[in-house]
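Contents: one structure, followed by commentary.
Protein chains: 4
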Amino acid sequence: MARPRSAAADRAILDATRSALVELGWSRLTMADVAARAGVAKTTLYRRWPGKSEMVVDAVAVLFDELELPDRGSLQADIEGVVLSFAALVSRPEAKTSLMAVVAESTHRPALRDRVRSAIVDRQKHLVLQGRARAQARGELPPDKGDAEHTRRTVDLIFDVVAGTVVHRCLVSDEPVDETWARTFALLLMGGLAAVSG
Amino acid sequence: MARPRSAAADRAILDATRSALVELGWSRLTMADVAARAGVAKTTLYRRWPGKSEMVVDAVAVLFDELELPDRGSLQADIEGVVLSFAALVSRPEAKTSLMAVVAESTHRPALRDRVRSAIVDRQKHLVLQGRARAQARGELPPDKGDAEHTRRTVDLIFDVVAGTVVHRCLVSDEPVDETWARTFALLLMGGLAAVSG
Amino acid sequence: MARPRSAAADRAILDATRSALVELGWSRLTMADVAARAGVAKTTLYRRWPGKSEMVVDAVAVLFDELELPDRGSLQADIEGVVLSFAALVSRPEAKTSLMAVVAESTHRPALRDRVRSAIVDRQKHLVLQGRARAQARGELPPDKGDAEHTRRTVDLIFDVVAGTVVHRCLVSDEPVDETWARTFALLLMGGLAAVSG
Amino acid sequence: MARPRSAAADRAILDATRSALVELGWSRLTMADVAARAGVAKTTLYRRWPGKSEMVVDAVAVLFDELELPDRGSLQADIEGVVLSFAALVSRPEAKTSLMAVVAESTHRPALRDRVRSAIVDRQKHLVLQGRARAQARGELPPDKGDAEHTRRTVDLIFDVVAGTVVHRCLVSDEPVDETWARTFALLLMGGLAAVSG
DNA sequence: GCCTAATCGAGACGGTACGTCGGGTCTTGCG
DNA sequence: CGCAAGACCCGACGTACCGTCTCGATTAGGC
Chain A
3 MARPRSAAAD RAILDATRSA LVELGWSRLT MADVAARAGV AKTTLYRRWP GKSEMVVDAV
63 AVLFDELELP DRGSLQADIE GVVLSFAALV SRPEAKTSLM AVVAESTHRP ALRDRVRSAI
123 VDRQKHLVLQ GRARAQARGE LPPDKGDAEH TRRTVDLIFD VVAGTVVHRC LVSDEPVDET
183 WARTFALLLM GGLAAVSG
Chain B
3 MARPRSAAAD RAILDATRSA LVELGWSRLT MADVAARAGV AKTTLYRRWP GKSEMVVDAV
63 AVLFDELELP DRGSLQADIE GVVLSFAALV SRPEAKTSLM AVVAESTHRP ALRDRVRSAI
123 VDRQKHLVLQ GRARAQARGE LPPDKGDAEH TRRTVDLIFD VVAGTVVHRC LVSDEPVDET
183 WARTFALLLM GGLAAVSG
Chain C
3 MARPRSAAAD RAILDATRSA LVELGWSRLT MADVAARAGV AKTTLYRRWP GKSEMVVDAV
63 AVLFDELELP DRGSLQADIE GVVLSFAALV SRPEAKTSLM AVVAESTHRP ALRDRVRSAI
123 VDRQKHLVLQ GRARAQARGE LPPDKGDAEH TRRTVDLIFD VVAGTVVHRC LVSDEPVDET
183 WARTFALLLM GGLAAVSG
Chain D
3 MARPRSAAAD RAILDATRSA LVELGWSRLT MADVAARAGV AKTTLYRRWP GKSEMVVDAV
63 AVLFDELELP DRGSLQADIE GVVLSFAALV SRPEAKTSLM AVVAESTHRP ALRDRVRSAI
123 VDRQKHLVLQ GRARAQARGE LPPDKGDAEH TRRTVDLIFD VVAGTVVHRC LVSDEPVDET
183 WARTFALLLM GGLAAVSG
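So this is what it looks like as structure tokens:
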């Protein structure tokens, strides 16, 4: 009715959140600090998000929009490519510090879990479907057998394996995800796919 | 020469920490509350651990000591077994609420990361080695080729895949790890192993 | 532009401080307790005062505003009156427990000393001037000789003698200040005044 | 029966207490710190004194042993002399920071009050009696009338006036006690004495 | 010249209060 | 009305001292 919310403010806040994440990390990131960086009052933050976690989810979510699955000619190459770019994403300081924290927080907050899922996790799942379809078109994988439930379960499994392994490698083992590792992991996954799809 | 630290206090504190984790979860767990439950002064906590994260790591770490790899007759069955028991462990409320939080925090604190690794992660790696040796004895896997570096890389990969996938399934996807899922995942892993070992 | 500090909070805090002083005394008075009594957060206390001492000074200072010098017809009677009411003030539990403590603390904190002086000590000095003027009007004391410096020194001396003696009697010697003692002390002071004014 | 307490420790502790008072002041003086300075365990302190206040009283008390009343030939001169030396004593940093603090603390601790009185206050009262006797011998004051009660009251009054005024001047007004001020104050006191003794 | 018991150093311990910090809400005027 | 500013309540933080308590290692006496 009266004054509309400033779209510029939204952008400024999310930018400020990301840069604060880079400089301070999740635990030392402060609502007051983000507000100050964005040249905005704390009230404005709380008018838009229920709290720190939700705001950070939205700030980090946009990073995942750049994930793509370019056609590299073979399933093995496609997997290697997505693993490398996913690992690069997860290793960025903004994401590194906040992803696990938000997931931890979401353990006992269903609303937050939903936001994480819709804003981050599900954004990646279509890549699995896309890669699968492409591999089927190439004849690298057998076509769907019409059992939708079985397909869903397999896709979820692949997703857990890829995302879980890469995140564990990056954040827990803290070892680099380079081409060599990606190739070996893709090889493993190819073998596994053959086993569960046969 | 002076008074030694009370071993009883250590035990009481770690017990209190676990029960507080179960009842309150990571974020509502308070140093003061743990101290009160343990019948101990807050100072005593800080004399032993630099902070909440380190204390919780030590409290949760002991849970992982009960992980075993009973011989179920085949590599496939062994994998299924360890996946199920590892998932059960990760799903326990003490672990569920704290593991991700601690890993998140460890992103910015090398000392904490080292503690997590030595107290939790590395403690489980011997299971991979044990399962591998057993499978080799059974003839399910080819014997070592004497390339220690290659072996280490493979073990690390297997570990990242198993731990990462199970954790992701339990804490991010929030789906149950039942026998069916374990069997499929083990199947996938068997195929993958064959691919990277051949 | 922003929200102004609550005047109600100020009043509530100082009231709470006085009642806590009466019930607990200086050393057992706690910032947290005062905050609770005032229905206010601890932060609000620290936003207004640097610490316990400063807050107590302000809380006790208002007690001294009620000191007056009613005209009793003669200098001797005026002195007796002010001595009695000053002693009564100093003996009140709020003042008794805190005055010395604050002065002790102010020994190595110039800012606190200034606050004590401006909030408590200097507020009473006008009583000496008033009594002196009245006595001069009555012809009991010779008129000013125009030497402002000499006058100031004399007033300060009288003040140190009256305040110091009464405080010492009440808080160190812990003997009652009754009419008999006040009469004798006033007599002494009259003789002294004659000696230094002659 | 067995080992006696170390006299060297006592001395070291009191010395350490005084030097800590000079450097840190009352409020920042710590039992642990005194123990460390004295090369002694905290236990040793508490074996000898009930607490910080009592220990400090004993440490400061010895300073008052050096107070004397040399015969300067006249009551006026004797008063000036004792005022100057008492003021010098009270202004020493060890005494300055601790005297008021201890008195404040003694407000609600009778045992401490007694210790202060016997260790510090009463040590000075004999000076009043001595000066009075000397003045009577010189004929400057009338001899005792045999009314012991009246004498006691007068001595107490003189004591409160002298001690109270000097302490107030030094610690509250924070003005120097020099020869000029001492002469004026002694003059006032002489006049007062004449008035109450007549 | 041993025995034995109190004393000593060191420092861990249970408490209590401190002063600070961050989260999230509420109030005030400006635009 | 939306907003920047910032006061407010709440609750946890990590620190500092207090005075007590265990330790094992000295020391004197008394025998």
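Residue numbers (the numbering used here), protein chains in the order written: chain A, 3 to 200; chain B, 3 to 200; chain C, 3 to 200; chain D, 3 to 200.
All C-beta atoms, glycine included, are put in the ideal place defined by N, C-alpha and C.
Item	Value
If you draw a straight line from the C-alpha of C/W183 to the C-alpha of D/V198, how long is it?	12 angstroms
Which class does A/M3 belong to by DSSP, given the choice of helix, strand or coil?	Any answer about A/M3 is weak, because its pLDDT of 40 lies below 50 and its placement is not dependable; what the coordinates show is given next. Correct three-state label for A/M3: coil.
What number of angstroms, rounded off, separates the C-alpha of D/P72 from the C-alpha of D/L65?	17 angstroms
Chain B partners of A/A165, CB-CB under 7 angstroms?	H170
For C/T19, which option in C/G41, C/M3, C/P6 and C/R5 has the closest C-alpha, if you only look at C-alpha atoms?	C/G41
For a test of the three-state rule: what should DSSP assign to D/E56, helix, strand or coil?	helix
Counting only beta-carbon separations shorter than 8 angstroms, does C/R185 have a partner in chain D?	no
For the stretch 91 to 111 of chain D against the stretch 16 to 34 of chain D, do three or more pairs of beta-carbon atoms, one drawn from each stretch, fall closer than 8 angstroms, so that the two count as touching?	yes
Could you list which residues in chain D have their beta carbon closer than 8 angstroms to that of C/D158, in chain order?	S175 and E177
So A/V169 packs on A/V104, CB below 8 angstroms; how close in whole Å?	Rounded, the Cβ-Cβ distance is 13 angstroms, inconsistent with contact.
Shortest alpha-carbon distance to B/A4 belongs to which of D/H110, D/A43 and D/L173?	D/A43
From what residue to what residue does the alpha helix (DSSP H) around B/I208 run?	In this structure chain B extends from 3 to 200, so residue 208 of chain B is not present and cannot be described.
Among D/C172, D/E70 and D/L143, whose alpha-carbon lies nearest the alpha-carbon of D/H128?	D/E70
Would you mind telling me which residues of chain C sit closer than 7 angstroms to D/A43, beta carbon to beta carbon, in chain order?	The contacting residues do not exist; D/A43 stays about 26 angstroms from chain C at best.
Please report the residue range of the alpha helix (DSSP H) in which D/G193 lies.	E181 to S199
Which of helix, strand or coil does DSSP assign to A/S1?	Lying outside 3 to 200, the shown extent of chain A, residue 1 of chain A is not represented and no answer is given.
Thinking C-alpha only, which one of D/A11, D/R13, D/D35 and D/D12 is nearest D/A22?	D/D35
If you measure between the beta carbons of D/T1 and D/F187, is that distance less than 8 angstroms?	Outside the modelled stretch of chain D, which goes from 3 to 200, sits residue 1 of chain D, for which no answer is possible.
How long is the line joining the alpha carbons of A/A142 and B/G193, rounded to whole angstroms?	According to the sequence as given, residue 142 of chain A is Glu; it is not Ala. Computed Cα separation, rounded: 16 angstroms.
Helix, strand or coil for B/P95? Go by DSSP, reduced to three states.	helix
Residues of the stretch 49 to 75 of chain A in Cβ contact with chain B at a cutoff of 8 angstroms, in chain order, please.	none
Compare the C-beta of C/K98 with all C-beta atoms of chain D and state if any pair is closer than 8 angstroms.	yes
Does the beta carbon of A/S29 sit closer than 8 angstroms to a beta carbon anywhere in chain B?	yes
Among B/P52, B/M33 and B/R171, which residue has its Cα nearest to the Cα of A/R1?	Because chain A here runs from 3 to 200, residue 1 of chain A falls outside it and cannot be looked at.
For chain A, find out if any of its Cβ atoms is closer than 8 angstroms to the Cβ of B/G193; answer yes or no.	yes
Name the residue from D/P144, D/S108 and D/R140 whose alpha carbon lies nearest to the alpha carbon of C/D176.	D/S108
Could you check the C-alpha separation between B/V84 and B/E181 for me, to the nearest Å?	11 angstroms
Could one say the Cβ of C/R140 lies closer than 8 angstroms to chain D's Cβ atoms, at least one of them?	no
Need the endpoints of the alpha helix (DSSP H) that D/V123 sits in, please.	Counting along the chain, D/V123 falls outside any alpha helix (DSSP H), and DSSP gives it neither H nor E.
In terms of alpha-carbon separation, which member of D/A10, D/A11, D/A165 and D/A9 lies closest to D/A89?	D/A165
Residues of chain A with a CB under 8 angstroms from the CB of B/T109: which are they?	G27, W28, K98, T99, M102 and L173
Run through chain B and tell me which residues come within less than 8 angstroms of A/D80, C-beta to C-beta.	Going along chain B, no residue has its Cβ under 8 angstroms from A/D80, so there is no contact; the nearest lies around 16 angstroms.
Counting only the same chain and skipping the five closest in sequence on each side, list residues whose C-beta sits under 7 angstroms from that of A/M102.	L173
How many angstroms separate the CA atom of C/A9 from the CA atom of C/D17?	13 angstroms
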